[in-house]
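Mapping to our numbering: the sequence shown position 46 is 1139, numbers consecutive. Each remark here refers to the structure printed beneath this line.
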Amino acid sequence: MRWVTKAFLENLWHRITSRKRRRTDELNLGWRVTDGEIERRPLLVSQVRRKEHLAILGKTGTGKSSLLRSICAQEITAGHGFVFFDLHGDATPFILRRVALEERRAGSDLSKRLIVIDPADPDWSVGINVLEALESNSAFVEYHII
Ligand SMILES: Nc1ncnc2c1ncn2[C@@H]1O[C@H](COP(=O)(O)OP(=O)(O)OP(=O)(O)O)[C@@H](O)[C@H]1O
Ligand SMILES: [Mg+2]
1094 MRWVTKAFLE NLWHRITSRK RRRTDELNLG WRVTDGEIER RPLLVSQVRR
1144 KEHLAILGKT GTGKSSLLRS ICAQEITAGH GFVFFDLHGD ATPFILRRVA
1194 LEERRAGSDL SKRLIVIDPA DPDWSVGINV LEALESNSAF VEYHII
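Structure below.
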């Protein structure tokens, strides 16, 4: 029952935010804060700025991981590709759940666009050449969790 409620609320939130998202197609980082005052205006990052560097810094427990999850959820809804290095291993279930939600919402199969690499998996190991060059002008977005 608890799970059903959680899934229902997630689905509802997903529908509300994806509707807003389609309108702007910008990344929403939350409310703006000016001189310590929370404004009722969102801090939006354009698609051009999104491909530049963005650092999320904060003390323990201040919401860094939550913000990254929110960003990932928005990217999934918008159909954008990204790489997520889940060093703590706790973001993967969330991301997979969001992909499943998006599949259900859009009625499409996203399995061809999703690659999960688990270096600790004894049965499946992969090699990645990080120096392998792609097109020189290709924009590449990646998220690191610290
Ligand atoms: N905007 C928010 N409003 C209220 N609570 C929040 C918000 N963002 C995060 N939290 C809550 O704060 C707690 C810590 O969040 P989170 O784990 O994202 O922080 P963190 O900076 O990644 O912590 P750590 O440094 O330990 O990894 C969680 O319980 C989370 O649900
Ligand atoms: Mg964290």
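Glycine is no exception: its CB is placed at the ideal position from the N, C-alpha and C atoms. Please read all numbers here as calculations on a predicted model, not as lab measurements.
Please tell me whether residue i and residue j are closer than 8 angstroms, where the distance is taken between their beta carbons.
i, j, result
"Leu1120", "Val1138", "yes"
"Leu1102", "Gly1123", "no"
"Arg1142", "Ile1169", "no"
"Asp1128", "Ala1171", "no"
"Leu1194", "Asn1104", "yes"
Within 7 angstroms: the Cβ of residue i and any heavy atom of ligand 2?
i, result
"Lys1152", "no"
"Ser1158", "yes"
Would you mind reading off the limits of the alpha helix (DSSP H) that contains residue i?
i, result
"Ser1187", "It is Phe, not Ser, that sits at residue 1187 in the sequence shown. First-last of the alpha helix (DSSP H) with Phe1187: Thr1185 to Ala1199."
"Arg1206", "No alpha helix (DSSP H) contains Arg1206, which DSSP labels as neither H nor E."
"Thr1170", "Lys1157 to Ala1171"
Is residue i close to ligand 1? I mean its beta-carbon at under 7 angstroms from any heavy atom of the ligand.
i, result
"Thr1155", "yes"
State the Cα-Cα distance for the pair residue i and residue j, rounded to the nearest angstrom.
i, j, result
"Pro1186", "Glu1145", "27 angstroms"
"Leu1224", "Pro1212", "19 angstroms"
"Gly1154", "Asn1222", "34 angstroms"
"Val1209", "Lys1099", "24 angstroms"
"Val1126", "His1173", "27 angstroms"
"Arg1197", "Cys1165", "17 angstroms"
"Trp1106", "Gln1167", "11 angstroms"
"Ala1148", "Arg1133", "23 angstroms"
"His1181", "Ile1131", "31 angstroms"
"Asp1214", "Leu1150", "31 angstroms"
So residue i packs on residue j, CB below 8 angstroms; how close in whole Å?
i, j, result
"Ala1184", "Arg1206", "Going by Cβ atoms, the distance from Ala1184 to Arg1206 rounds to 18 angstroms, so no, they are not a contact pair."
Could you spell out where the beta strand (DSSP E) holding residue i opens and where it closes?
i, result
"Ile1131", "Glu1130 to Val1138"
"Gly1174", "Looking at the DSSP string, Gly1174 is not in any beta strand (DSSP E), and its letter there is neither H nor E."
"Gly1123", "Leu1120 to Thr1127"
Are the C-beta of residue i and some C-beta of chain C separated by less than 8 angstroms?
i, result
"Leu1194", "Absent from the structure is chain C; it holds one protein chain and no more."
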